[in-house]
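Undergrad: Each residue of the sequence shown is one higher than the one before, counting from 54 in our numbering.
Sending over a structure as structure tokens; questions will come in a sec.
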Amino acid sequence: MRILVLGGSSEASVLARALAARADLAATLSLAGRTIHPAASPLPARVGGFGGVKGLIGYLKAERIDAVIDATHPFAAQMKRHAAEACAATGTSLCAFSRAPWLAGEGDAWIEVEDAPAAARALGDEPRRVFLAIGRQLANAFGGPSPHHFVLRAIDAPAPDALPVSLDLVLARGPFAFADEIALLREKRIDVVVSKNAGGEATRAKIDAARELRLPVVMIRRPPAPERAVFETLEDVLGWIGAHRPAP
Ligand SMILES: NC(=O)c1ccc[n+]([C@@H]2O[C@H](COP(=O)([O-])OP(=O)(O)OC[C@H]3O[C@@H](n4cnc5c(N)ncnc54)[C@H](OP(=O)(O)O)[C@@H]3O)[C@@H](O)[C@H]2O)c1
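Written out as structure tokens, the structure reads:
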């Protein structure tokens, strides 16, 4: 069975390790190539875009892919759409492996917004010290003149154009520990946190730290995803693979 895993998330890494141990499956991990030094892949990997839906259709046919597992990050909306369209066009089985979104609990002060520009507007006009825990791709929504000071955390340094004028850059890769997040929020004298609703454990400590310090969180909701089976556990994905084996 030939499987394409669309990666770039911790779920994809977990799945890649599990599939690498299976001699009965031939799986390839696909990465967009955004991270300069990605973690080593246990599976054969390909890097870079496919060239839109048309390019992905061509890849699925050329590589005789039986099943696609979309394990992209919850905010990789375009890749999810392309995968659904290309699988529908080629009759390729498709499922997604994804984590549940975070839910606000007691003590959380969330302002939920649709996207990064709405998050920028939600900061208001009074000068605040803002922790942008959203990676570098969305950071330019906060560029241009602003009364706020921003602390941006990202894996790689963003391109300098369209970034906030008043900016501290913190280069770091998760997972992040609760005590370290508390220390960072205190050291940078943060008033408000901006986060994507990524879900999962690796980056949730900042949300717990914000609650502990009684800081508001501007939470960017997930973009809509296409209809397909979505699993939250490795066991369920492996079960789905078993049920979608092509006939011998
Ligand atoms: N967005 C986030 O917040 C975020 C956070 C952490 C990790 N990531 C990971 O970073 C990658 C890029 O995210 P994004 O938000 O820029 O994606 P996106 O907006 O959904 O996709 C933009 C384009 O990047 C290419 N692409 C995306 N994921 C790919 C993959 N796994 N393999 C090959 N090509 C891929 C595709 O190019 P073509 O049209 O040319 O095929 C796609 O049309 C994804 O793999 C995602 O899992 C994203």
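Note that the Cβ used here is the ideal one computed from N, Cα and C, for glycine as well.
#1: Starting from the Cα of Ala236, find the closest Cα among Lys133, Arg226, Ala262 and give me that residue.
#2: Which of the three DSSP states is assigned to His126 in this structure?
#3: So what does DSSP say about Leu191, is it helix, strand or coil?
#4: Tell me whether Arg189 counts as near ligand 1, meaning its Cβ is closer than 7 Å to at least one heavy atom of that ligand.
#5: Looking at Thr81: is its Cβ nearer than 8 Å to the Cβ of Val58?
#6: Note down, in chain order, each residue of its chain lying with its Cβ closer than 7 Å to the Cβ of Lys259, except the 5 sequence neighbours on either side.
#7: How many angstroms separate the CA atom of Val121 from the CA atom of Ile294?
#8: Threshold first: 4 residues or longer. Then list the alpha helix (DSSP H) segments lying entirely within the stretch 209-272, N to C.
#9: Alpha carbon to alpha carbon, how far is Thr145 from Asp77? Give it in angstroms, no decimals.
#10: Output needed for Phe184: all residues of its chain with C-beta closer than 6 Å, excluding positions within five of it in sequence on either side, in chain order.
#11: Could you tell me the alpha carbon to alpha carbon distance between Trp155 and Glu165, rounded to whole angstroms?
TA: Let's see:
#1: For the purposes of this step, residue 236 is taken as residue 183 along the sequence shown, with counting starting at 1. Nearest of Lys133, Arg226, Ala262 to Ala236, Cα basis: Ala262.
#2: To locate residue 126, count along the sequence shown from 1; it is residue 73. His126 falls in the coil class under three-state DSSP.
#3: Here residue 191 is taken as the residue at index 138 of the sequence shown, counted from 1. It is coil, neither helix nor strand.
#4: Counted from its first residue, the sequence shown places residue 189 at position 136. No, the Cβ of Arg189 stays beyond 7 Å of every heavy atom of ligand 1.
#5: Taking the sequence shown and counting its residues from 1, one reaches residue 81 at position 28. Taking the sequence shown and counting its residues from 1, one reaches residue 58 at position 5. In this structure, Val58 lies closer than 8 Å to Thr81 by Cβ.
#6: For the purposes of this step, residue 259 is taken as the residue at position 206 of the sequence shown. Excluding sequence neighbours, Lys259 sits near Ala186, Phe229, Glu234, Val246, Ser248.
#7: As a position in the sequence shown, residue 121 is number 68, starting the count at 1. As a position in the sequence shown, residue 294 is number 241, starting the count at 1. When rounded, the distance between both Cα atoms is 10 Å.
#8: 231-240, 258-265
#9: Translated into the one-based positions of the sequence shown, residue 77 becomes position 24. Translated into the one-based positions of the sequence shown, residue 145 becomes position 92. Each residue's alpha carbon lies about 19 Å from the other.
#10: One-based indexing of the sequence shown puts residue 184 at position 131. Once the five neighbours on either side are set aside, the close Cβ partners of Phe184 are Val204, Ile243, Val246.
#11: Locating residue 155 in the sequence shown gives position 102, where the first residue counts as 1. Locating residue 165 in the sequence shown gives position 112, where the first residue counts as 1. For Trp155 and Glu165, the distance between alpha carbons rounds to 12 Å.
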